[in-house]
Amino acid sequence: MSRLLVTGGAGFIGSNFVHHVVGHTDHHVTVLDALTYAGNRRSLEGLPEDRVTFVEGDITDATLVDQLFADADAVVHYAAESHNDNSLNDPRPFLDTNIIGTYTLLEAARRHDRRFHHISTDEVYGDLELDDPERFTESTPYNPSSPYSSTKAGSDLLVRAWVRSFGVQATISNCSNNYGPYQHVEKFIPRQITNVLRGIRPKLYGAGENVRDWIHADDHSSAVLTILDKGAIGETYLIGADGERNNKDVVELILTMMGQPADAYDHVTDRAGHDLRYAIDSTKLRTELGWRPQFSDFEAGLSATIDWYRDNESWWAPSKDAVEAFYAGKGQ
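Numbering follows full-length UniProt numbering, in which position 123 of the sequence shown is assigned residue number 123; successive positions increment by one, without gaps.
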């Protein structure tokens, strides 16, 4: 697989994957990204031009997608509308990108008989009770809560259908919450970090008891490469690093690491339908494919992430004011 096509490769998780591929393999990467608000061309700066080709375009453009598939050995599909708050405000873009876009890519994979890996989320499984000892596995029934997670669930089911009905060479991975460099400031961890850097008090939905299972984006990237190399066609693999933390603890940890009082944040109106807890059981990935996370210490990974945002204000500052104005209008 010397030629990879990466959709959404200028977004948060996609750009981290492109950096990881360049640093750990000899593959050539073609990035297809529509450069919506969540895509940033600067996230690919510094990568060698002989290893990375950038194409601006939409995954619903069947003609362009077909041309790019013809020149690829394998495709990794990161492109997605992914922010829950935005899906509650306007669901339509989530249908266009996550459903129609994935369909367009699958049809190209079918025509060209290309290896296809689909990136999904643990949010398709709904949520768990805070005191539930169980975690999500590959056999957990789907129970999405939002327009975002329901369209991702739909895209997963499309992939499974194209494998079974048309023999597409596809795998799926469902990953827990990512953190790390290049994440848009609308997301939970970078929003709190950049608020502190701007002298703004962080905001916490409700009581902050909601639990997320955090994984560094570089670990997600290494897992995807492992699945591309060793994964069985038609299989789903859950990716997680045993990083369960509730939102209140994460905000207080960020404040403490940045030299602020741990309680220097404000509680705001909770998100509608806010899932309680996500937790990933990645046993299958670890035992069958031999993958292990490198960032097993959440605090060390978070510290490195804080440093990145402190050192790269020019990357996140252009979108910060608009994000805070949006949330201010909602009382959040």
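Glycine included, every Cβ here is placed at the ideal spot set by N, Cα and C.
The structure displayed is predicted, hence computed values, not measured ones.
Item, Value
"C-alpha gap between Ala249 and Met258, whole angstroms", "A small correction: the amino acid at residue 249 is Asp; Ala does not occupy that position in the sequence shown. About 14 Å."
"Counted within 10 angstroms of its Cβ, other Cβ atoms place Gln192 as buried (16 or more) or exposed", "buried"
"Among Ile13, Gly9, Ser2, the one whose alpha carbon lies nearest that of Asn177", "Ile13"
"DSSP-derived helix/strand/coil call for His28", "strand"
"Assumed close pair Trp316, Tyr309 - CB separation to whole angstroms, cut-off 8 Å", "6 Å"
"Nearest residue (CA-CA) to His20, options Asp156, Tyr37, Ser222", "Ser222"
"Alpha carbon of Ser314 to alpha carbon of Glu186, nearest angstrom", "16 Å"
"Rounded C-alpha distance that separates Gly180 from Thr305", "5 Å"
"Span of the alpha helix (DSSP H), counted from its first residue to its last, around Leu276", "Counting along the chain, Leu276 falls outside any alpha helix (DSSP H), and DSSP gives it neither H nor E."
"Nearest-angstrom Cα separation, counted from Phe136 out to Ala207", "24 Å"
"CA-to-CA distance, Thr140 to Tyr182, given in whole angstroms", "31 Å"
"Cβ contact check for the segment 236-252 and the segment 30-40: 3 or more pairs under 8 Å", "no"
"Contained alpha helix (DSSP H) runs [length at least 4] in the segment 130-198, N- to C-terminal order", "147-166, 188-198"
"Nearest-angstrom beta carbon gap, Arg111 and Gly66 [assumed within contact, 8 Å]", "As written in the sequence, residue 66 is Asp, which differs from the Gly given in the question. Asp66 to Arg111, Cβ: 7 Å. Contact."
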